[in-house]
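Heads up, the thing below is written out as C-alpha cells.
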Amino acid sequence: MSHVLIIGAGGVGSVVVHKCAQVTEVFSRITLASRTASKCEAIVRSVKERTGVQVAVETVDADNVAETVALIRRIKPDLVLNVALPYQDLPLMDACLATGVDYLDTANYEPPDVAKFEYKWQWAYRERFEKANIMALLGSGFDPGVTNVYCAWAQKHHFDEIHQLDIIDCNAGDHGQAFATNFNPEINIREITQRGRYWEHGEWVETDPLSWSMTYDFPEGIGPKKCYLMYHEELESLVHNLNGLKRARFWMTFSEQYLTHLRVLENVGMTRIDPVRYQGADIVPIQFLKAVLPEPASLGPLTKGRTCIGCVLTGVKNGKARQMYIYNICSHEEAYREVGSQAISYTTGVPAMIGAKMMLQGLWKRAGVWNMEEFDPDPFMADLNTYGLPWTVVEL
Ligand code: NDP
Numbered sequence: 425m426s427h428v429l430i431i432g433a434g435g436v437g438s439v440v441v442h443k444c445a446q447v448t449e450v451f452s453r454i455t456l457a458s459r460t461a462s463k464c465e466a467i468v469r470s471v472k473e474r475t476g477v478q479v480a481v482e483t484v485d486a487d488n489v490a491e492t493v494a495l496i497r498r499i500k501p502d503l504v505l506n507v508a509l510p511y512q513d514l515p516l517m518d519a520c521l522a523t524g525v526d527y528l529d530t531a532n533y534e535p536p537d538v539a540k541f542e543y544k545w546q547w548a549y550r551e552r553f554e555k556a557n558i559m560a561l562l563g564s565g566f567d568p569g570v571t572n573v574y575c576a577w578a579q580k581h582h583f584d585e586i587h588q589l590d591i592i593d594c595n596a597g598d599h600g601q602a603f604a605t606n607f608n609p610e611i612n613i614r615e616i617t618q619r620g621r622y623w624e625h626g627e628w629v630e631t632d633p634l635s636w637s638m639t640y641d642f643p644e645g646i647g648p649k650k651c652y653l654m655y656h657e658e659l660e661s662l663v664h665n666l667n668g669l670k671r672a673r674f675w676m677t678f679s680e681q682y683l684t685h686l687r688v689l690e691n692v693g694m695t696r697i698d699p700v701r702y703q704g705a706d707i708v709p710i711q712f713l714k715a716v717l718p719e720p721a722s723l724g725p726l727t728k729g730r731t732c733i734g735c736v737l738t739g740v741k742n743g744k745a746r747q748m749y750i751y752n753i754c755s756h757e758e759a760y761r762e763v764g765s766q767a768i769s770y771t772t773g774v775p776a777m778i779g780a781k782m783m784l785q786g787l788w789k790r791a792g793v794w795n796m797e798e799f800d801p802d803p804f805m806a807d808l809n810t811y812g813l814p815w816t817v818v819e820l
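My numbering numbers the first residue of the sequence shown as 425 and each following residue consecutively.
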C-alpha cells in the first residue's frame, strides 16, 4: 500500500495515472501535480470514469525546489514519479534528497540552454542518494527503459557476450497532421536535430544529424521502413553494463514529410534554442514553435496504426553465435481505447508505472542512482506482458 506523487500532466503523465489506477493493490493513493490544475483535473476525470479511482490534484512548479519540498512534506508520498520535462530532473532529485523520498523518471536531464542530454548530471547524485538511503531509477520509459530491460534479460538468459546491439524504434502510425511530434515538441526536436553518435570498439563515433539510414523490415505486417541513426541516452549506460559489447547503435523511423518540415523549420531558424528579441520581449523560437504545434496529448483520437520498438542483439552463447530480436508492437487505437492516449505516450507511461511498482514492492530496491539494466529483468518482463506491452522474441 503506497502513495505515489506523479509530476507532469502531459501525454505520458496521463497514461501513468490511468495505469497506476488499474493497480490499486500497489498504488493505493495517487496524487497528480503539475503547474496547470485544469490539465490534472481533465486526467483525473477520465481516470474516475474509466476505473472509479479518485486521484488527488495539486499544483506545483517543479523547477522550484522549495515548493516541491513543501508539497512532499505535506502529502508524504513514498515515491516521486517525474513525467514532467527533463529540465525538472535535477530540481526534483534535490527535493527528494531534502525529504528522503525515492525518485523515478523517464528521460535524462538536459540543461535548457544546451541541447545536450547526458547521465553525468544525474549520476553525480549517486553518493548523496546512497547516504540518504534513497533510490533513483533513471529512464523508466520505453526507450530508454524497456529497451534496457530487454538487453538485461537477453544478457541474463541468452548470451554470454553481446557483441552488437541495434535498438530500432519504429512508429508506423499516422496522426494525419502535416507536422506534429508524438511527445513534447521541444524535447523531441532538440533530440532529433543533434549530431548522431554510436559506440564502436570502446569509443563514440559522431555522424552528421540524420545522415545515416538503413531500411529495416519490421515484423507482423508492418514491413520495410527507413530508419535513421541517432544518439539516444540508453546507449550511454548500456555500453557500461553489457558484457563484451563491440558496437551499439540507435535507429528511429521518420517519414519524408516529417523530415522535410523539420529541415525547413531548421533552415528558417525556428528550432533555435537561444532567445531572439521580438517586439521588446525575448522569445526562444523552439518554445514558440511548441506553442503553435499540436499538444502530444491531443493526438490520441487522431492516430492510427502501430509502433514497433525493439532490440536486435548479436553475440555468443556457449561458444555459438546467435542473433535475437526482442520487440513490442503497440496499437495507437487500442491505447486510445484503453486510456485515451496514443501509443507513444502509452509505451512510455506503462513502463513508468511498472518501474514504480518494482520499487514500491521492494523487487527493485537499492540506495543510490541506477539505470534500468542494473536490476533483475525478470519481474519487469513479466509485468510488461500483464500490463499492456507484451513482447515477442525471435531468433534471427
Ligand atoms: P508533455 O509536454 O505532454 O507533458 C509534460 C508536462 O510537464 C506538461 O503537461 C507540463 O504541464 C508539465 N511541466 C512542465 N514543466 C513543469 C514544471 N516546471 N513543473 C511542473 N510541471 C511541469 O510531454 P510528454 O508527456 O510527451 O513527455 C513527458 C516526459 O516523458 C518528457 O520528459 C519526455 O522526454 C519523456 N518521454 C520519455 C520517453 C521514453 O521512452 N523514455 C518517450 C517519450 C517521452 P503544465 O502545463 O501543468 O506545466
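We treat Cβ as the ideally placed atom computed from N, Cα and C, and that holds for glycine.
It should be emphasised that the depicted structure is a prediction, and the values quoted were computed from it without experimental measurement.
Task: Spatially closest choice to Trp675 from Val468, Tyr652, Leu784 and Leu683, by CA coordinates - done: In the sequence shown, residue 675 corresponds to position 251, counting from 1. Cα-wise, what sits closest to Trp675 is Tyr652.
Task: At least 3 beta-carbon pairs within less than 8 Å: the region 500-516 vs the region 529-541 - done: yes
TODO: Identify which residue in Ala445, His756 and Ala596 has its Cα closest to the Cα of Thr727.
DONE: If you number the sequence shown from 1, residue 727 lands on position 303. That would be His756, whose Cα lies nearest to the Cα of Thr727.
Open item on the list: Can you tell me whether His442 is helix, strand or coil according to DSSP?
Closed with: Along the sequence shown, read from residue 1 onward, the residue named residue 442 stands at position 18. In this structure, His442 counts as helix in the three-state DSSP scheme.
Open item on the list: Comparing C-alpha positions only, which one of Lys472, Ser458, Cys464 and Val471 sits nearest to Leu495?
Closed with: To locate residue 495, count along the sequence shown from 1; it is residue 71. Leu495 has its Cα closest to that of Ser458, out of Lys472, Ser458, Cys464 and Val471.
Open item on the list: Just to confirm, is the Cβ distance from Ala480 to Thr448 under 8 Å?
Closed with: For this step, residue 480 is matched to residue 56 along the sequence shown. For this step, residue 448 is matched to residue 24 along the sequence shown. No, Cβ-Cβ distance for Ala480 and Thr448 is not below 8 Å.
Task: Residues near Cys470 by beta carbon distance below 6 Å, same chain, minus five either side - done: One-based indexing of the sequence shown puts residue 470 at position 46. The question names Cys, but residue 470 in the sequence shown is Ser. The answer, listed in chain order, is Gly764.
Task: Any non-hydrogen atom of the ligand NDP closer than 7 Å to Lys463 Cβ - done: Here the question's residue 463 lines up with position 39 in the sequence shown. Lys463: yes, Cβ under 7 Å from the ligand NDP.
Task: Helix, strand or coil at Asn795 [DSSP, three-state] - done: Taking the first residue of the sequence shown as position 1, residue 795 is located at position 371. If DSSP states are grouped into helix, strand and coil, Asn795 belongs with the strands.
Task: Candidates Pro801, Pro814 and Val793, of which the one nearest Leu528 by Cα - done: Here residue 528 corresponds to residue number 104 of the sequence shown, with the count starting at 1. Considering only alpha carbons, the answer is Val793.
Task: alpha helix (DSSP H) runs contained entirely in the region 747-809, provided each spans 4 or more residues - done: 756-763 and 767-784
Open item on the list: Given the structure, does Asp567 come close to the ligand NDP, in the sense that its CB is under 7 Å from one of the ligand's heavy atoms?
Closed with: Residue numbering aside, residue 567 sits at position 143 when the sequence shown is read from its first letter. Checking every heavy atom of the ligand NDP against the Cβ of Asp567, one is found closer than 7 Å.
Open item on the list: Beta-carbon within less than 7 Å of Ile750's beta-carbon, same chain only, minus the 5 sequence neighbours each way: which residues are those?
Closed with: As a first step, residue 750 is located in the sequence shown; it is residue number 326 there, counting from the start. Same-chain partners within the cutoff: Tyr574, Ala578, Gly734, Cys735, Trp815 and Val817.
Task: Cα-Cα separation between Asp593 and Asp641, rounded to whole angstroms - done: For the purposes of this step, residue 593 is taken as the residue at position 169 of the sequence shown. For the purposes of this step, residue 641 is taken as the residue at position 217 of the sequence shown. Their backbone Cα atoms lie some 12 Å apart in a straight line.
- [ ] Check Asp593 in the structure and name its three-state DSSP category.
- [x] The count along the sequence shown starts at 1 and reaches residue 593 at position 169. The answer is strand: DSSP assigns Asp593 an E or B state.
Open item on the list: I'd like to confirm something about Gln512: is its beta-carbon nearer than 7 Å to some heavy atom of the ligand NDP, or not?
Closed with: Position 88 of the sequence shown, counting from 1, holds the residue named residue 512. Yes; taking the cut-off as 7 Å, the Cβ of Gln512 has a heavy atom of the ligand NDP nearer than that.
Task: For Glu585, the residue or residues it bridges with in DSSP - done: By 1-based counting over the sequence shown, the position of residue 585 is 161. Glu585 pairs with Val740.
TODO: Out of Met425, His427 and Thr475, point me to the one whose CA is closest to Val439's CA.
DONE: Taking the first residue of the sequence shown as 1, we reach residue 439 at position 15. Checking every option, the nearest Cα to that of Val439 belongs to Thr475.
- [ ] Name the two residues that bound the continuous alpha helix (DSSP H) containing Ala461.
- [x] Locating residue 461 in the sequence shown gives position 37, where the first residue counts as 1. From DSSP, the alpha helix (DSSP H) with Ala461 extends over Ala461 to Thr475.
- [ ] Measure the CB-CB distance between Ile613 and Gly739 and report whether it falls below 8 Å.
- [x] Your numbering for residue 613 matches position 189 in the sequence shown. Your numbering for residue 739 matches position 315 in the sequence shown. In this structure, Gly739 does not lie closer than 8 Å to Ile613 by Cβ.
- [ ] Report yes if the C-beta of Gly437 is less than 7 Å from at least one heavy atom of the ligand NDP; otherwise report no.
- [x] Residue mapping note: residue 437 aligns to position 13 of the sequence shown, counting from 1. Yes, Cβ of Gly437 sits closer than 7 Å to a heavy atom of the ligand NDP.
Open item on the list: I need the boundaries of the alpha helix (DSSP H) containing Phe553, first residue and last residue.
Closed with: Indexing the sequence shown from 1 puts residue 553 at position 129. From DSSP, the alpha helix (DSSP H) with Phe553 extends over Arg550 to Lys555.
Task: Cβ neighbour criterion (16 or more within 10 Å) applied to Val692 - done: Position 268 of the sequence shown, counted from the first residue, corresponds to residue 692. Flag for Val692 reads exposed.
- [ ] Would you list, in sequence order, the uninterrupted alpha helix (DSSP H) runs of no fewer than 4 residues that lie entirely inside the region 608-684?
- [x] 609-616 and 658-665
- [ ] State the DSSP-derived secondary structure class of Thr394, mapped to helix, strand or coil.
- [x] Here the chain covers residues 425 to 820 and nothing more, so residue 394 does not appear.
Task: Residue burial classification, Met425 (beta-carbon count within 10 angstroms, cutoff 16) - done: Walking along the sequence shown from the start, residue 425 turns up at place 1. With fewer than 16 other Cβ atoms within 10 Å, it is exposed.
- [ ] On the DSSP bridge assignment, give the partners of Val481 in chain order.
- [x] What you label residue 481 is simply residue 57 of the sequence shown in a count that begins at 1. DSSP lists Leu456 as partners of Val481.
TODO: Tell me, please, which residues DSSP counts as bridged to Asn506.
DONE: Translated into positions along the sequence shown, residue 506 becomes position 82. Paired residue(s): Ile431 and Asp529.
TODO: Compute the distance between the beta-carbons of Cys444 and Met783, then report whether it is under 8 Å.
DONE: Reading the sequence shown from its first residue, position 20 is the one you call residue 444. Reading the sequence shown from its first residue, position 359 is the one you call residue 783. No, the Cβ-Cβ distance between Cys444 and Met783 is not below 8 Å.
TODO: Please find out if some non-hydrogen atom of the ligand NDP comes closer than 7 Å to the beta-carbon of Ala745.
DONE: Translated into positions along the sequence shown, residue 745 becomes position 321. Ala745 Cβ: outside cutoff for every heavy atom of the ligand NDP.
Open item on the list: Measuring only the C-alpha atoms, how far is Val538 from Glu615?
Closed with: Reading the sequence shown from its first residue, position 114 is the one you call residue 538. Reading the sequence shown from its first residue, position 191 is the one you call residue 615. Their Cα atoms are separated by approximately 11 Å.
TODO: Let me know if Met638 comes out buried or exposed under the rule of 16 or more other beta-carbons within 10 Å of its beta-carbon.
DONE: Counting from 1 along the sequence shown, the entry for residue 638 is found at position 214. Exposed: under 16 other Cβ atoms inside 10 Å.
Task: Residue span of the alpha helix (DSSP H) that contains Ala604, given as start and end - done: Numbered from its first residue, the sequence shown carries residue 604 at position 180. Premise fails: Ala604 is in no alpha helix (DSSP H) and is neither H nor E.
- [ ] With a threshold of 7 Å, establish whether the CB of Leu666 neighbours any heavy atom of the ligand NDP.
- [x] For this step, residue 666 is matched to residue 242 along the sequence shown. Because no heavy atom of the ligand NDP lies under 7 Å away, the Cβ of Leu666 does not count as near it: no.
Open item on the list: According to DSSP, is Asp706 part of a helix, a strand, or is it coil?
Closed with: Taking the first residue of the sequence shown as 1, we reach residue 706 at position 282. Reduced to three states, the DSSP call for Asp706 is strand.
- [ ] Indicate, with yes or no, if the ligand NDP has a heavy atom lying under 7 Å from the CB of Arg614.
- [x] Indexing the sequence shown from 1 puts residue 614 at position 190. Not so, every heavy atom of the ligand NDP lies at least 7 Å from the Cβ.
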